[in-house]
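Read top to bottom, the protein sequences are chains R and S.
Be aware that the first sequence starts at 197, since it is given in the working numbering, and climbs by one per residue.
Be aware that the second sequence starts at 1422, since it is given in the working numbering, and climbs by one per residue.
Beta carbons are placed, not taken as given, at the ideal position from N, Cα and C, and that holds for glycine.
Here the structure comes first, spelled out in structure tokens, and everything after it is commentary.
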Amino acid sequence: MRVSVDHERCVGAAQCVLAAPEVFGQGDDGLVRLLDAKPPIERSDRVHEAATACPSRSITIHEN
Amino acid sequence: MNEEMTTARRCPYPIARGHPLDPPPQFSGLRAEGAVAAIELWDGSHAWLVTRYEEACTALADRRFSSDVTKDGFPTYYEGQRLVIEQAPSFIRTDPPEHSRLRRMLTREFMLRQVELLRPRVHEIVDALIDDILRGPAPVDLIRALAMPVPSLTVCRLLGIPYEDHGLFQRLTNVTLSRQSGPVEIEAAVGELMEWLHRLVSDKEREPGDDLIGRLIVDQVRTGDLSHDDLVGMTRLLVVAGHETTANMLGLTLLSFMRQPEVFAGVDSDPVRLRACVEELLRYHSIIQIGLARVTTEEVELGGRRIGPGEGVIVSLLAANRDGAAFGRPDEFDVDRAVEHKHVAFGFGVHQCIGQALARIEVQELLAGVARRLPGLRLAVPLEQLPFRGNMTVHGVHELPAVWEVSGDAGER
């Protein structure tokens, strides 16, 4: 799986960091930083949880 | 106004609760009839009420549902509310891009690792207040002894506001957030609140300290990115949102603790369970009890219902968090249901609560502190006698009399 984030849409609610801290972090501005754009399959559930929980819908998951 | 809206049966809104801790019983019926119900507000205006979890998230994340209170058709819950909104504007009542520009000035202050630095301070605040309770007489009103001072002290510390001022903003926000306050009373309270805020911000502009407002002055006001008036609005939002909501959530947390002490036993030494308890408390109580107001910017479809442009929509977070389709046995308090990344107690969409990480710390530290040092805390009167905040925007209880038993090493820090 591949993950991308839309920095422009992000509102810094940090739901993604709480759901999948190995994949998403917060930069010094409080906005999302992608830590792992190609997370391993075992993190798939939590990455999906992060994407669903994101209130500004800033996370896109590309399945392949 | 479209035809559907004029012919549909309209339910007066807000609807009173039956049981003080459950949503109005009518919600189940409305939800069964459709995702969106036709309602009538205090001024006779018509709006739509969203009661299902899925459509609540959809609407709040969709930018065609505007938060801009200056747009025609924006719904209000009581007569004086428009006065509050117009005389004390803040960025939660705006849409992107203006909303994003102002919110981003604060995201750094409320990011997880930043607010975690406040946890030891919150822990100390809770401990000191429990010391006072243990030294004082019983019964004690837990709202005055714990639920209100924890967020007041935290918010004053974060924003750099003298703690002596907390009585003033508590009194004034109580007036502005009550549906029972008349317009004259509200106008006076808003005036006094704004005067205090202008003075506070002006003092800080002359001599900015090492606190949130001071940093905004140095980084945003002095660079010309933020006006004095916008900083006043922002400060008001942070004071009201940081105090009123948290205080009420803490009151209901203490009530839940006393009703089911066995559920919370040992949470002070089990961080995973503590976190789960707090998330379920947030879902169960959903203190923003009336809902979040929006107005459509164009025609939209929501849950099979066509909503015309410029129509008011109220998303009930309480109804969404008690929707059986999203949360099984929704009216039961169940710590094992794993709601952490799902409930909408903090709202959804670009306006989702910016202070949620700090709110979580305050609820967690209070619950852990009480479980550790006051496990024998019990309600001093029957639930039916508690004065619930039925007429307030934020649910809670005005007074929470409690007694406690100290056994073994309980009570010690």
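Three-state secondary structure (DSSP) of residue i
i               : result
M197 (chain R)  : coil
I1709 (chain S) : strand
Q1681 (chain S) : coil
V1802 (chain S) : coil
F1769 (chain S) : coil
Q1601 (chain S) : coil
C1432 (chain S) : strand
R242 (chain R)  : helix
A1714 (chain S) : strand
M1813 (chain S) : strand
V1818 (chain S) : strand
D1493 (chain S) : coil
C1698 (chain S) : helix
A1437 (chain S) : coil
M1422 (chain S) : Legend: pLDDT at M1422 (chain S) = 46, less than 50; position of this residue unreliable, value from coordinates given subsequently. Coil, per DSSP.
Y1498 (chain S) : coil
T1666 (chain S) : helix
E1786 (chain S) : helix
A1559 (chain S) : coil
E1585 (chain S) : helix
Boundaries (first-last residue) of the alpha helix (DSSP H) holding residue i
i               : result
V228 (chain R)  : Unbroken run through V228 (chain R) is the beta strand (DSSP E), 228-230; no alpha helix (DSSP H).
W1617 (chain S) : 1604-1627
I1564 (chain S) : Per DSSP, I1564 (chain S) belongs to no alpha helix (DSSP H) and is neither H nor E.
Q1502 (chain S) : 1502-1508
S1573 (chain S) : 1570-1580
P1541 (chain S) : 1540-1556
S1449 (chain S) : 1447-1454
G1635 (chain S) : 1633-1637
C212 (chain R)  : 211-215
E1761 (chain S) : Unbroken run through E1761 (chain S): none, as it is neither H nor E.
L1652 (chain S) : 1649-1661
Q1535 (chain S) : 1533-1537
H1520 (chain S) : 1519-1528
Selected residue, minimal CA-CA separation from residue i, among the options
i               : options                            : result
A1509 (chain S) : S:G1811, S:I1638, S:V1653, S:V1642 : S:V1653
S1737 (chain S) : S:G1724, S:S1466, S:I1708          : S:I1708
P1692 (chain S) : S:A1789, S:N1812, S:P1572          : S:A1789
V1490 (chain S) : S:R1750, S:L1504, S:Q1681, S:H1649 : S:L1504
L1550 (chain S) : S:R1794, S:L1800, S:E1701, S:V1642 : S:R1794
R1704 (chain S) : S:I1607, S:E1732, S:R1758, S:S1511 : S:R1758
R1485 (chain S) : S:T1717, S:L1807, S:V1660          : S:T1717
E1519 (chain S) : R:R198, R:S254, R:A210, R:E204     : R:E204
G223 (chain R)  : R:A247, R:A209, R:S252, R:H258     : R:A209
D1516 (chain S) : S:D1483, S:P1441, S:Q1591, S:D1548 : S:D1483
V1571 (chain S) : S:L1671, S:P1444, S:F1809, S:H1706 : S:L1671
Terminal residues of the beta strand (DSSP E) in which residue i lies
i               : result
P1822 (chain S) : 1822-1826
Q222 (chain R)  : 220-222
Per DSSP, cross-strand counterpart(s) of residue i
i               : result
A1468 (chain S) : S:I1460, S:G1733
S254 (chain R)  : Partner(s): none; S254 (chain R) has no beta bridge.
G1797 (chain S) : S:E1826
S1690 (chain S) : For S1690 (chain S), which the question treats as bridged, DSSP gives no partner whatsoever.
F1486 (chain S) : S:T1717
Which full runs of the beta strand (DSSP E) of 3+ residues lie inside the region 1716-1756 of chain S, going along the chain? 1721-1723, 1726-1728, 1733-1736
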